[in-house]
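The structure under discussion appears below in the form of structure tokens.
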Amino acid sequence: VHLPAMARLLRGALKGLAASRPLMFGAAAAATSAAAIGATAFAEGGQASGKKPADWYIKPWTSFQQEPLMADLVPGYDRVHVMRRTFYSVHLMGRLRDIASTREQFVDAARKVSVMLLNEAIGMLPHTPRSITTPVDGAKYITFDMPNPHDELCVVTIMRAATSMADVMTREYPEIPVGTILIQRNEETAEPVLFYSKFPSDVADRRVILVDPMLATGGSVKEAIATIRKAGVQEQNIIVVSIVAAPEGVDAVLKIHPMVRILVGEMDRGLNAKKYIVPGLGDFGDRFYGT
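81 is the number of the first residue of the sequence shown in the numbering used here; add one for each residue after it.
Written out as structure tokens, the structure reads:
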């Protein structure tokens, strides 16, 4: 097997993948192409393994030849993503949705899903590829430099239900500052009313992960985004993260704030006559806090 020829062949095949890859945030993300990752690692692997058989570094197939992926796009949207569906994620979502789940089961599943969503959300942020050297045979590996949570990120929670998601996220990344928004519904007009907001002093320079477990009508999220915008955060630097969402709420948010990104655990069918998400999971805050 001729190694340079094989590398050229792989390079050509990966160019097709790179051309179809959706752009992430910022110009730096555009440099993250399959060609840059796969072909470089392939060629460097061949150089580092010159004394090995020709197929040593491609058999068995290795996962780092596969391009990293963002969370899946929801069909019909270009800025709405859904958490990648696995048997385990469906198991956890089932625990959240099941009316027979105990509070302990519900809380456990909510915390695990929140961590999974946080990891997906961070994967949607700008990133820069970088080659590193492993301790073995001087082999190369392409990694990514991600934003520093302490300096570049902020989690914003809409009290009270979303506080549970923020608490989990800050346990995973204790250096991330947390902003707080209190919004309550006017019982006469059914419109959201802002009562309180508090953000880091430099929030305008950060990317914001806005968490709210249930994106139903979108009223609270719209008001929260408007409040964050008034603090100086650019709309395209906001990611809304919800465990379940209804299309009505997603559409309402994007109609007013078209540049935000939305990441959901699962997209449900819609709202019923009482504006509850169907199939939904009930009142998240009551089930989580046992009230």
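Built from N, CA and C at the ideal position, the CB exists for glycine as well.
Given 8 Å, three or more beta-carbon pairs between the region 276-288 and the region 212-223
no
Roughly how many angstroms lie between the CA atoms of H161 and T214, to the nearest whole one?
33 Å
Within this structure, are the beta carbons of I261 and T208 separated by less than 7 Å?
no
Report buried or exposed for G174, applying the criterion of at least 16 other Cβ atoms within 10 angstroms of its Cβ.
exposed
Write down every uninterrupted run of the beta strand (DSSP E) in the region 298-327 whose length is 3 residues or greater and which is fully enclosed by it, in chain order.
318-325
Which residues in the same chain as G365 place their Cβ atom closer than 6 Å to its Cβ, once the five residues preceding and following it in sequence are excluded?
R240, A241
Presumed contact (8 Å Cβ cut-off) between V195 and M347, rounded CB distance:
20 Å between Cβ atoms; not a contact.
Can you pull the DSSP bridge partners for V193?
Its beta-bridge partners do not exist; DSSP assigns none.
Through-space distance from M163 to A151, alpha-carbon basis
5 Å
Could you spell out the range, first to last residue, of the alpha helix (DSSP H) harbouring H171?
167-177
Going straight from the alpha carbon of V344 to that of S169, what length do you get?
12 Å
Please determine, among K335, V324, Y369, the residue with the shortest C-alpha to C-alpha distance to G350.
V324
Distance, A311 Cα to F368 Cα
30 Å
Test: D247 CB closer than 7 Å to a CB of chain C:
Judged by its chain identifiers, the structure shown contains no chain C, having just a single protein chain.
Smallest Cα separation from S300: which of R265, P327, V283?
R265
The beta strand (DSSP E) with T260 in it runs from where to where?
258-265
Jot down the residue ranges of each uninterrupted beta strand (DSSP E) in the region 332-357, minimum 3 residues, whole runs only, in chain order.
341-347
Drop a sphere of 10 angstroms on the beta-carbon of K335, count the other beta-carbons inside from all chains shown, and report buried for 16 or more, exposed for fewer.
exposed
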